[in-house]
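Okay, so here's the structure we're looking at.
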Amino acid sequence: MSVSSKSANAQIFRLMLYRRALHPELFELQGRRVDRHGDYEVEAWITHGSRGIGHMVRFQVFGKTLAEVCLDEGDHLPETGLVHALPCLGEKDFELENPEGPIGYVTTIQTETLTDNLYAATLREMQDFARETGSLAYEGLGPDGVPTLSVLDTQKYKHEFHVQSYHLLGGSGTVLRTQSIFEIDR
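This is the structure:
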């Protein structure tokens with residue numbers, strides 16, 4: 043299948059930012075991790091199933107919450123608390139203006155469609171990366187039987203939490219990468 047015919051079949055992910063936590067029943071969780079560091083707590087999920095492929099990261103500090111959701115099937119999610127939503131197509135940057143509290147947020151998004159050989163090589167590379175770093179990861183099969191992979195890699199700092207996500211969708215050859223920073227504004 044050529045790259046041009048794959049791009050027409052690519053799933054459209056959306057990145058959504060909420061000012062509240064979301065309930066796990068809204069997702070089909072395949073992996074979960076909770077980190078506490080200094081004043082903040084972070085909960086990260088990988089989701090894969092009929093309610094979408096993607097991730098959720100909840101950052102909480104001083105009683106305030108921001109939650110990043112990146113999902114290909116997000117129509118079932120609530121609008122209450124939604125701050126911003128953007129489609130994950132091409133390259134995009136977003137920074138939360140006037141954060142109304144102690145949490146700042148910035149993200150970048152990149153998507154690309156790969157040939158079958160390049161997708162297979164990238165999949166192997168990301169599987170190795172996830173094992174080497176101990177990242178939260180889930181490997182599955184898409185509806186077409188082609189392997190998929192979601193990886194969440196995180197770094198904790200005193201006043202910041204960094205998260206990189208990688209979602210590989212074999213049937214379309216799509217690779218989605220997000221890099222987000224949650225920071226405590228002082």
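For any residue, its number in our numbering is found by taking its place in the sequence shown, counting from 1, and adding 42. Ideal Cβ positions, reconstructed from N, Cα and C, are used throughout, including at glycine. Everything numeric in this text was worked out from a predicted model, so none of it was measured.
What do you get for residue i, buried or exposed, if any count of 16 or more other CB atoms within 10 angstroms of its CB means buried?
i, result
"A163", "exposed"
"L13", "Here the chain covers residues 43 to 228 and nothing more, so residue 13 does not appear."
"T196", "buried"
"S222", "buried"
"T114", "Just to set this straight, residue 114 is Asp in the shown sequence, not Thr. So D114 ends up on the buried side."
"R166", "exposed"
"Y147", "buried"
"L183", "exposed"
"E110", "buried"
"S177", "buried"
"G96", "buried"
"T122", "exposed"
"V207", "Val is not the amino acid found at residue 207; the sequence shown has Ser there. By the 10 Å Cβ count, S207 comes out buried."
"S47", "Note that S47 scores 42 on pLDDT, short of 50, meaning its location in the model is unreliable and no value can be drawn from it."
"Y161", "buried"
"G132", "exposed"
So, are the CB atoms of residue i and residue j less than 8 Å apart?
i, j, result
"H90", "Y180", "yes"
"G105", "I88", "no"
"F203", "F224", "yes"
"G213", "V188", "yes"
"V217", "E154", "yes"
"I226", "Y60", "no"
"L80", "T157", "Note that residue 80 corresponds to Gly in the displayed sequence, not to Leu. Not closer than 8 Å, so no."
"F101", "V84", "yes"
"M58", "L138", "no"
"A86", "V99", "yes"
Since residue i and residue j should fall inside the 8 Å C-beta cutoff, what is the C-beta to C-beta distance between them, to a whole number of angstroms?
i, j, result
"Q152", "R219", "5 Å"
"R62", "T107", "6 Å"
"I54", "P120", "Contact flag wrong, Cβ pair sits at about 20 Å."
"L210", "M168", "6 Å"
"D77", "K200", "Actually they do not touch by this definition, with Cβ atoms about 13 Å apart."
Which residues share a DSSP beta bridge with residue i?
i, result
"V111", "M58, M98"
"G73", "I88"
"E225", "G146, E202"
"P129", "R56"
"L218", "T153, H209"
"E83", "R78, Q102"
"L124", "Y60"
Hey, which unbroken runs of the alpha helix (DSSP H) at 4 residues or more fall wholly within the region 136-207? For the region 136-207, the full-length alpha helix (DSSP H) segments reaching 4 residues or more read 158-175 along the chain.
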